[in-house]
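Participant: Okay, handing you the structure first.
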Amino acid sequence: MKTTTRTAVDKPATRDYRLDFFRGLALVFIFIDHVPDNIVSFFTLRSFAFCDAAEVFIFISGYTAALAYAPVFGREGIAMGFARIYRRVWQLYVAHLCLFMIFTAEVAYTLKYLQNPLFADELQVGDYLDNQGETFIRVMLLQFQPSLLNILPLYILLLLALPILIMMIRRHVLLGLIPSAALYLLANLFGWNLPGFPEGRLWFFNPLSWQFLFTIGVALGFLRSRGAQDVGSKPWLPVVAAVVVVAAGALQFAWTLHEPFNLIPYYLPLPDSWLDKTMLPPARLISLLALAVVVGAYIPRDARFMRSVAGWTVVLCGQNSLEVFCLGILLSVLANFVLSLAGYGLFDQFLVNLGGLAIMAAFGLLLAWFKAGGRLPAAPRPEIAS
């Protein structure tokens, strides 16, 4: 009987629950940040860094995509690698269309109840409600992106290019990183972006810029799948990253507090283009990468907080990120509706945030229970997670 040996790329790596935890935490922050005038958003990542949950989501998505799909190219062949990735693309595409339909129905009902046309303008769905035929075709082409529904089209486009990226990185990591970095620089220098809809509108998350963050995540995930050491293992890098994280956090928190409290000074004002979310300028990119290095270096894979009840719930939500993300988007619109009726008092905001997060957590637990065959997966023991 002939025996086969696996290459390093084919060996299954022990699951790193930090990826699930921080992806789940990003979903929590996305929900909170999408509730307008939300006092709780003062405590999310965007108040303590130059980046926010969107960067975390895309970076981790690239990292985990490499862990999930890169071994397939070596183990099952290129055709199966393409097939598995495009199967996921189709799932995301269908989820996006379904989410759009429920989202617009939710907004339409809210408009009818509140009789406030500004609500449609705020969520950028007025063009669809006025001209549903042409606009829905643009939705199918990923060009029409209402507010809150612009990150899934970006992710779909990035996954469409993932098979080619993996084939390049399998030859050498720099074959993927160098062209990606060049495209990122050109997009930022010349303002390149993809056209959206209506005419004159561009993609909110510019794929030509955001692909670089995704590519970095893919490259690091691929190296990890080959058994390479974490970048944070270099002794000097975590120290530099920690300095960047602290400096960015201090500046961003001062800017955040300056808006409600004018007594807080506005230290070191920067041009808006330096922090523009659409183009993902270097300040946002470096802030995210510094956070990633700090997490990789200073938070162990078996950290106790991830094995707590609350932490493990976040992990399970991160493992079911697509479904929980879609629910969180719909809940943020519902939260806006509820607060419009009840008022934006502190107690009302607290209840709305708590209720939304509880529903998301319950949904994540239900999905985990179903996937595990009718039982909730238990948090791993330290010796297993390490």
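Taking the working numbering, the leading residue of the sequence shown gets 36, the next gets one more, and so forth.
Think of the CB as a built atom: it goes at the ideal place given N, C-alpha and C, for glycine as much as any other residue.
Everything numeric in this text was worked out from a predicted model, so none of it was measured.
Quick check: what's the CA-CA separation for Asp-45 versus Leu-315?
Facilitator: Confidence at Asp-45 is low in this model, with a pLDDT of 43, below 50, so the placement of that residue should be treated as unreliable; the coordinate-derived value is given next. Rounded to the nearest angstrom, the two C-alpha atoms are 33 Å apart.
Participant: Between the beta-carbon of Ala-474 and the beta-carbon of Val-91, is there less than 8 Å?
Facilitator: Any question about residue 474 goes unanswered here, given that the chain covers just 36 to 421.
Participant: Quick check on Leu-224 - is its C-beta less than 8 Å from some C-beta in chain B?
Facilitator: The question asks about chain B, but that chain is absent: this structure has only one protein chain.
Participant: Assign Pro-270 to one of three DSSP states: helix, strand, or coil.
Facilitator: coil
Participant: Please report the straight-line C-alpha distance between Met-202 and Phe-247, rounded to a whole angstrom.
Facilitator: 16 Å
Participant: When the distance is taken between beta carbons, is Phe-57 closer than 8 Å to Ile-95?
Facilitator: yes
Participant: Measure the Cβ-Cβ separation of Leu-357 and Ala-130 and say whether it is below 8 Å.
Facilitator: yes
Participant: Bridge partners for Leu-237 per DSSP, in chain order?
Facilitator: For Leu-237, which the question treats as bridged, DSSP gives the partners Pro-230.
Participant: Just to confirm the assignment, what range does the alpha helix (DSSP H) spanning Lys-406 have?
Facilitator: 381-406
Participant: What are the uninterrupted segments assigned as beta strand (DSSP E) that are 3 or more residues long and contained completely in the segment 131-177, given in chain order?
Facilitator: none
Participant: Whose C-beta lies closer than 7 Å to the C-beta of Ser-367 among residues of the same chain, with five residues either side of it excluded?
Facilitator: Phe-66, His-69, Val-70 and Leu-183
Participant: When you compare only the Cα positions, how much space is there between Thr-40 and Leu-389?
Facilitator: Any reading at Thr-40 must be qualified, since the residue scores a pLDDT of 39, below 50, and its modelled position is unreliable; the value itself is stated next. So the alpha carbons of these two residues sit roughly 51 Å apart.
Participant: What whole-angstrom Cβ distance do Phe-64 and Ala-88 have, given they're in contact under 8 Å?
Facilitator: 4 Å
Participant: Between which two residues does the alpha helix (DSSP H) holding Met-203 run?
Facilitator: 186-206
Participant: From Ile-93 to Phe-257, what distance separates their C-alpha atoms?
Facilitator: 16 Å
Participant: Taking Arg-261 as the reference, which of Leu-324, Tyr-98, Gly-59 and Asn-355 has the closest Cα?
Facilitator: That would be Tyr-98, whose Cα lies nearest to the Cα of Arg-261.
Participant: Are there 16 or more other CB atoms within 10 angstroms of the CB of Asp-55, so buried, or fewer, so exposed?
Facilitator: buried
Participant: What span of residues does the alpha helix (DSSP H) with Ala-84 cover, start to end?
Facilitator: Ala-84 -> no alpha helix (DSSP H), and no H or E assigned at all.
Participant: Taking Asp-55 as part of the alpha helix (DSSP H), name the residues at either end of that continuous run.
Facilitator: 52-69
Participant: Please determine if the segment 344-356 and the segment 395-406 are in contact, where contact requires at least 3 C-beta pairs separated by less than 8 Å.
Facilitator: In short, these stretches touch, since the Cβ pair count reaches three.
Participant: Output the distance between the C-alpha atoms of Trp-309 and Pro-242, rounded to the nearest integer angstrom.
Facilitator: Rounded to whole angstroms, Trp-309 to Pro-242 spans 18 Å at the Cα level.
Participant: If Glu-141 and Leu-365 are in contact, beta carbons under 8 Å, what's the gap, nearest whole angstrom?
Facilitator: Between Glu-141 and Leu-365 a beta carbon distance of about 6 Å is seen, short of the 8 Å cut, so the two are scored as contacting.
Participant: In terms of residues, what are the limits of the alpha helix (DSSP H) holding Ser-260?
Facilitator: 242-260
Participant: Taking contact to mean 3 or more Cβ pairs, one atom from each stretch, closer than 8 Å, check whether the segment 271-288 and the segment 220-239 are in contact.
Facilitator: No: the two stretches stay apart, fewer than three of their Cβ pairs being nearer than 8 Å.
Participant: According to DSSP, simplified to helix, strand and coil, what is Ala-420?
Facilitator: Residue placement at Ala-420 cannot be trusted, given a pLDDT of 43 that sits under 50; what the coordinates show is reported in the next sentence. If DSSP states are grouped into helix, strand and coil, Ala-420 belongs with the helices.
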